[in-house]
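One structure below.
Residue numbers (this note's numbering): 2 to 215.
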């Protein structure tokens, strides 16, 4: 049974968000093709995603020294551990994310910080860092108001390129990117743009039998 983690990185409702609708369309197509898949949703704006703050840093230091953590330190550190374990237990991670100001919303970066843990998802070696989260597949369903995949704006895009590089650092190199661009240029074509992206998402599921390769 394939374990799918659906990471929702937009604070809007699904009905109001093109990125969440695109991501949900992929999930729907995937479950239609693989009905035995186990889908787990992680809403980065509804579920607790601790920020790496002073309490977390202090808590990690106390863990290393085997001293007692405060209640708040222990709660945050424990939750971060749960997020790492959830990520590592997943075979397929689907990110539904919008592009904001050249990158992703802040809680997406918070999640990336949460799952980047030396000794668990990567390790340093004499020849450089090595990802430990190997054998997984990821899908990035991203909606953009503008056009950033070609032309002079390419150098200002730090969304999917950042997430792909980050996942590769963790050992996840099989990444499918589903882009939907230009929503802000002509809002009247929003549904048309989304429909085209949804069709690509559905084709991606059929073209790549994820469950057979992970």
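By construction, the Cβ of each residue, glycine as well, lies at the ideal position given by its N, Cα and C atoms.
* Asked: Within 10 angstroms of its Cβ, does residue 100 collect 16 or more other Cβ (buried), or is it exposed?
  -> Locating residue 100 in the chain shown gives position 99, where the first residue counts as 1. Its Cβ being crowded by 16 or more others within 10 Å, residue 100 is buried.
* Per DSSP, residue 138 forms a beta bridge with which residues? -> Your numbering for residue 138 matches position 137 in the chain shown. Paired residues: 93, 175.
* Asked: Going by other Cβ atoms of all chains shown within 10 Å of its Cβ, with 16 needed for buried, is residue 214 buried or exposed?
  -> As a first step, residue 214 is located in the chain shown; it is residue number 213 there, counting from the start. With a pLDDT of 40 at residue 214, under the threshold of 50, the modelled position of this residue cannot be trusted, and the question is left open.
* Asked: Around the C-beta of residue 211, are 16 or more other C-beta atoms found within 10 angstroms, so that it is buried, or is it exposed?
  -> Here residue 211 corresponds to residue number 210 of the chain shown, with the count starting at 1. Only weak support exists for where residue 211 lies, its pLDDT of 45 falling under 50; the value from the coordinates is given anyway. That one is buried.
* Which first and last residues belong to the beta strand (DSSP E) in which residue 7 is found? -> The count along the chain shown starts at 1 and reaches residue 7 at position 6. Element bounds for residue 7: 4-9.
* To do: Write down the C-beta distance between residue 168 and residue 205 rounded to the nearest angstrom, noting that I regard them as a contact closer than 8 Å.
  => Position 167 of the chain shown holds residue 168. Position 204 of the chain shown holds residue 205. The Cβ separation is near 17 Å, so there is no contact.
* Where residue 122 and residue 189 are concerned, what is the direct C-alpha to C-alpha distance, given to the nearest angstrom? -> Stepping through the chain shown from its first residue, residue 122 is reached at position 121. Stepping through the chain shown from its first residue, residue 189 is reached at position 188. Near 43 Å, if we compare the C-alpha coordinates of residue 189 and residue 122.
* Asked: Secondary structure at residue 193, three-state DSSP: helix, strand or coil?
  -> Reading the chain shown from its first residue, position 192 is the one you call residue 193. If DSSP states are grouped into helix, strand and coil, residue 193 belongs with the helices.
* Ends of the beta strand (DSSP E) at residue 126? -> Here residue 126 refers to the residue found at position 125 of the chain shown. Where residue 126 is concerned, the enclosing beta strand (DSSP E) stretches over 123-126.
* What are the boundary residues of the alpha helix (DSSP H) that includes residue 131? -> As a position in the chain shown, residue 131 is number 130, starting the count at 1. Per DSSP, residue 131 belongs to no alpha helix (DSSP H); it is in the beta strand (DSSP E), 129-132.
* Along the alpha helix (DSSP H) that carries residue 114, what are the first and last residues, could you check? => Taking the first residue of the chain shown as 1, we reach residue 114 at position 113. Residues 107-116.
* Where the alpha helix (DSSP H) containing residue 64 begins and where it ends -> For the purposes of this step, residue 64 is identified with residue 63 of the chain shown, where counting begins at 1. Run containing residue 64: 55-66, per the alpha helix (DSSP H) assignment.
* Asked: Counting pairs of Cβ atoms below 8 Å between the stretch 13-29 and the stretch 75-85, do you hit three or more?
  -> Touching, no, given that fewer than three Cβ pairs across the two stretches are closer than 8 Å.
* Local conformation of residue 104 per DSSP, three classes -> Position 103 of the chain shown, counting from 1, holds the residue named residue 104. Note: residue 104 maps to strand in three-state DSSP.
* So the alpha helix (DSSP H) residue 34 belongs to, where does it begin and stop? -> For the purposes of this step, residue 34 is identified with residue 33 of the chain shown, where counting begins at 1. Residues 19-34.
* **Beta-ladder partner(s) of residue 144, from DSSP** => Within the chain shown, residue 144 is the residue found at index 143, counting from 1. 99, 181, per the DSSP bridge assignment.
* Asked: Going straight from the alpha carbon of residue 30 to that of residue 201, what length do you get?
  -> Along the chain shown, read from residue 1 onward, the residue named residue 30 stands at position 29. Along the chain shown, read from residue 1 onward, the residue named residue 201 stands at position 200. Going from the Cα of residue 30 to the Cα of residue 201 covers about 11 Å.
* To do: Rank 27, 143, 147, 153 by C-alpha distance to the C-alpha of residue 162 and give the top, closest one.
  => As a position in the chain shown, residue 162 is number 161, starting the count at 1. Closest option to residue 162, Cα to Cα, is 143.
* Across which residues does DSSP place residue 43 in a beta bridge pair? -> Position 42 of the chain shown holds residue 43. Paired residue(s): 8.
* Other residues of its chain near residue 13: CB distance less than 8 Å, five sequence neighbours each side excluded -> Locating residue 13 in the chain shown gives position 12, where the first residue counts as 1. Result list for residue 13: 21, in chain order.
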